[in-house]
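Visitor: Quick note: the sequence shown, position 373, residue 724 per the working numbering, numbers continuous. Here a beta-carbon is modelled for each residue, glycine too, at the ideal position from N, C-alpha and C. Next up is a structure, given as structure tokens.
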Amino acid sequence: MATLVLHASGAPVSTFPLVKPLTTIGNDGDLRVEGLRGVVAIQFDGSAFTATALEGAPLFVNGKKRSQHALGDGDTLQLGETQIVFQAEDRIPTPAEVSRLGRRDPASLATAKLADFARELAKEPGTDHALTRLLDSLIEVVRADKGFVLVMTDGVPQVLKARNFQRENVADAVERLSDTIVKRVLETRQPLRIEDALHDAEFNASESVVNLKLSSVLCLPLLLRGELLGAIYLGNDKLANLFTDKELEVAQSFCSTATLLVELGRQLDELRADKKALIDRLEEAAYGDIIGSCDPMRDIFRKIDKVAATDISVMVTGETGTGKELIAREIHRRSPRKAGAFVAINCGAIPENLLESELFGHAKGAFTGAIATRIGRFQAANGGTLFLDEIGEMPPPLQVKLLRALQDRTVVKVGENKPEAVDIRIVAATNKDLEEEMKAGRFREDLFYRINVVHLHLPPLRERGEDAVMLAKWFLGRAIRELSSKVKGFSPQALVAIKRFRWPGNIRQLENRIKKAVVLAEKPLISPDDLELRPEQLEPILPIAEARDEWQKRYINEVLERNGGNRTKTAKDLGVDPRTIFRHLERMEAEKRGETLPPDEPLGEGGA
């Protein structure tokens with residue numbers, strides 16, 4: 352029988368018999384050596400003993416540092432302050448000697464290893480690393496020489512982890528385990544312990560068992576709430592009768608943890624796949640800095656592609672917060688003027704007596720406070736693009752001067768008479784109905800036609816379908832990065848609420864709500880409450896008849912807009928009597944006055 356002779360400082364010489372296939376030396380090993388970093392394992396393969404340094408243990412054999420060494424009689428191992436001499440004999444220990452000398456209870460060793468695993472997991476989280484450590488510990492506890500974690504992928508078992516006793520990855524994993532044994536465990540969903548596979552009446556005819564010369568095998572299913580996630584396979588091809596019911600019980604305790612890790616890994620893979628799909632969707636839906644995949648936005652992108660290369664004036668309309676300035680910037684970015692400046696001015700945010708100076712500049716002394724000559728936004732945008740936001744708020748007297756500047760391509764500073772030539776492209780925006788403003792005499796008709804050569808109307812967020820969710824996820828990702836938040840995403844209820852809310856403030860309101868939620872949320876997933884979206888604020892689910900009426904109204908308006916308000920052509924395109932379109936417009940006017948008329952009949956069902 353081979354033995355280890357210990358010479359420790361201040362302690363008497365002692366011996367330790369090597370009676371097991373696997374003996375561990377360390378703080379918590381079969382042979383306890385206090386203060387040793389890592390673990391040294393001595394493995395017996397039936398004919399020889401091999402010492403292996405694990406977990407960074409400092410192993411010196413005959414004065415030389417080794418990671419692994421085949422032990423010969425008289426070899427001296429230096430482990431910290433302890434010297435160990437290996438004494439070999441040709442005789443292999445008998446089972447009776449092994450039983451008499453005993454070994455450490457695998458259940459207590461498993462408890463210690465699982466506790467170590469939990470501590471390490473807290474220090475270094477991560478399912479892949481954790482599953483590797485767990486499998487290494489299980490191999491050590493049950494004295495296997497190899498172990499595998501298999502997961503079900505589309506109903507087929509695939510090797511996820513393959514490790515050997517030396518804590519190395521097994522390259523030819525699929526070829527090192529028995530598919531017959533794995534298949535039996537997956538079909539029955541019951542653990543299987545085989546003492547000697549080559550001489551087992553049930554498996555000795557299996558091709559994989561014969562080719563691999565299998566001996567001791569443990570195979571256990573990984574089950575979670577009745578779902579088969581995979582299996583753990585453990586084996587030792589050199590020693591038979593290695594695994595007892597105790598090893599099976601220990602392996603089952605490890606499998607519970609392994610099942611949770613496999614499920615967590617699967618969920619993380621799904622989240623990563625969802626994240627990649629979202630990124631791909633965002634890339635597909637992105638048009639420069641603009642995100643949108645609904646048909647109205649796609650139509651706007653096509654128009655921008657056509658008009659950007661020209662100097663045509665563009666009018667962008669839409670409700671507040673729909674992103675009109677982003678559209679203007681994208682037109683500039685795609686135009687030949689992109690090297691020039693993009694200058695924006697909000698015509699409704701500057702007092703009337705200062706707006707002319709802001710637009711055209713002023714001379715020194717032109718008015719009280721004009722202590723120096725200053726250029727205006729027109730001159731600053733020379734060679735580039737001038738964005739006139741909220742142009743519907745511009746006072747009528749200034750509209751005349753703006754029209755002259757656009758016609759002559761010159762501007763005159765306040766307090767001067769000398770015109771200055773400017774080369775600019777105008778993009779204007781408003782949330783007002785300028786045609787109604789013209790009828791009311793608040794906006795000049797000639798200026799309207801000067802700036803409204805091409806009209807781009809941005810739909811409100813409530814009419815953009817899935818764009819709301821896509822934008823919400825994009826804003827959330829940006830807010831998490833900017834605010835270093837621990838928020839992980841939206842709850843399913845929050846995504847439903849985002850789709851059902853009307854968002855009167857449009858994209859700007861959505862972005863602000865998400866930023867606020869990221870700051871104040873107390874849980875990893877943002878809820879409807881975090882977004883301040885209460886059930887009574889959400890768009891109700893309409894009966895089919897009402898939903899059809901709403902859709903019909905929007906569709907008629909869309910076709911009317913495409914046809915420039917031509918009622919006869921709209922009726923012809925829709926295949927209805929022109930009186931249907933007239934009644935629709937009457938009802939729209941009545942709604943503006945707060946009156947209610949009977950709904951239109953469905954298109955194509957006697958609309959005359």
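Does the stretch 491-511 come within contact of the stretch 583-593, defined as at least 3 CB pairs closer than 8 Å?
Guide: Touching, per the Cβ criterion.
Visitor: By Cβ distance, which residues of its chain are closer than 8 Å to Thr445, with the 5 residues on each side in sequence left out?
Guide: Because the pLDDT at Thr445 is just 45, under 50, the model does not fix this residue reliably, and the point stays unresolved.
Visitor: DSSP state of Ser488, grouped into three classes?
Guide: Residue state, collapsed to three classes: helix.
Visitor: Roughly how many angstroms separate the alpha carbons of Leu599 and Leu485, rounded to a whole number?
Guide: Using only the alpha carbons, I get a separation of about 16 Å.
Visitor: Do you know whose CA, among Gln394, Glu833, Gly386, lies nearest Ala408's CA?
Guide: If we check each option's Cα against that of Ala408, Gly386 comes out closest.
Visitor: Would you mind working out which of Ala830, Gln750, Leu861, Leu822 sits nearest Tyr800, comparing C-alpha positions?
Guide: Cα-wise, what sits closest to Tyr800 is Gln750.
Visitor: Run through the stretch 602-680 for me and flag every whole beta strand (DSSP E) of 3 or more residues, listed as ranges in chain order.
Guide: DSSP runs (the beta strand (DSSP E)) wholly in the stretch 602-680: 665-668.
Visitor: For Glu600, name the three-state secondary structure that DSSP assigns.
Guide: In the structure shown, Glu600 sits in a helix (DSSP, three-state: H, G or I).
Visitor: I'd like to check one pair, Phe437 with Ala359: are the Cβ atoms closer than 9 Å?
Guide: Not a contact, by the Cβ cut-off of 9 Å.
Visitor: List the DSSP bridge partners of Ser365.
Guide: Note: Ser365 sits in a beta bridge opposite Leu357.
Visitor: Skipping 5 residues on each side, what residues in its chain have a beta carbon closer than 8 Å to that of Ile849?
Guide: These residues qualify, in order along the chain: Ala819, Val820, Ala823, Phe841, Leu861, Leu882, Leu884.
Visitor: Can you give me the Cβ contacts of Val960 inside the same chain, cut-off strictly under 6 Å, excluding the 5 residues immediately before and after it?
Guide: Summary: the structure shown does not reach residue 960, with the chain confined to residues 352 through 959, and so no result is reported for it.
Visitor: Starting from Gln438, follow the beta strand (DSSP E) in both directions and report where the run begins and ends.
Guide: 433-438 is the span of the beta strand (DSSP E), which, as asked, contains Gln438.
Visitor: According to DSSP, is Ala695 helix, strand or coil?
Guide: Residue state, collapsed to three classes: strand.
Visitor: By DSSP's criteria, Thr375 is part of a beta bridge. Which residues make up the other side?
Guide: Thr375 pairs with Ala392.
Visitor: Would you list the one or two residues that DSSP bridges to Glu833?
Guide: Glu833 is not bridged to any residue.
Visitor: Buried or exposed, going by whether 16 or more other CB atoms sit within 10 Å of the CB of Glu681?
Guide: Flag for Glu681 reads buried.
Visitor: Three or more C-beta pairs under 8 Å: does that hold for the stretch 772-790 against the stretch 725-738?
Guide: Taking 8 Å as the limit for Cβ pairs, the verdict is that the stretch 725-738 does touch the stretch 772-790.
Visitor: Should Thr374 go down as buried or exposed, given a rule of 16 or more other Cβ atoms within 10 Å for buried?
Guide: Per the 10 Å Cβ criterion, buried.
Visitor: Are the stretch 805-814 and the stretch 673-687 touching, with three or more C-beta to C-beta distances below 8 Å?
Guide: Verdict: yes, contact present.
Visitor: Do the CB positions of Ile982 and Thr673 come within less than 9 Å of each other?
Guide: Shown here, the chain extends from 352 to 959; a query on residue 982 therefore has no answer.
Visitor: Judging by CA-CA distance, which residue of Lys497, Arg832, Asp381 is the nearest neighbour of Arg518?
Guide: Out of Lys497, Arg832, Asp381, Lys497 has the C-alpha closest to the C-alpha of Arg518.
Visitor: Is Phe972 buried or exposed, if buried means 16 or more other CB atoms sit within 10 Å of its CB?
Guide: Here the chain covers residues 352 to 959 and nothing more, so residue 972 does not appear.
Visitor: Give the DSSP-derived three-state secondary structure of Gln429 in the structure shown.
Guide: In the structure shown, Gln429 sits in a strand (DSSP, three-state: E or B).
Visitor: From this set, Ser398, Thr433, Gln394, which residue's C-alpha is nearest Phe411's C-alpha?
Guide: Considering only alpha carbons, the answer is Thr433.
Visitor: Kindly indicate which three-state DSSP category Ala331 falls into: helix, strand or coil?
Guide: Since the displayed the chain opens at 352 and closes at 959, residue 331 lies outside it and no answer follows.
Visitor: With a CB to CB cut of under 7 Å and the five nearest residues on each side skipped, what residues in its chain are close to Ser365?
Guide: The answer, listed in chain order, is Leu357.
Visitor: What is the DSSP secondary structure of Gln517, reduced to helix, strand or coil?
Guide: Residue state, collapsed to three classes: coil.
Visitor: Would the stretch 557-566 and the stretch 507-523 be scored as touching if the rule is three or more Cβ pairs under 8 Å?
Guide: Contact fails: fewer than three Cβ-Cβ distances are below 8 Å.
Visitor: What is the residue span of the beta strand (DSSP E) that Ile802 lies within?
Guide: Taken as a continuous stretch (DSSP letters only), Ile802 belongs to no beta strand (DSSP E), being part of the alpha helix (DSSP H) at 796-802.
Visitor: Assign Gln844 to one of three DSSP states: helix, strand, or coil.
Guide: Helix, per DSSP.
Visitor: What are the start and end residues of the beta strand (DSSP E) that includes Arg776?
Guide: Residues 776-781.
Visitor: Buried or exposed for Asp424, please, with buried defined as at least 16 other CB atoms from any protein chain shown within 10 angstroms of its CB.
Guide: Exposed: under 16 other Cβ atoms inside 10 Å.
Visitor: Which whole-angstrom value is the C-beta distance of Thr919 and Val910, which I expect to be below 8 Å?
Guide: With a Cβ gap of about 12 Å, Thr919 and Val910 do not count as contacting.
Visitor: Checking the sheet assignment: what are the DSSP bridge partners for Ile726?
Guide: Partner(s): Gly712.
Visitor: Between the C-alpha atoms of Leu611 and Phe605, what's the straight-line distance to the nearest angstrom?
Guide: Looking at the two C-alpha atoms, the distance is approximately 10 Å.
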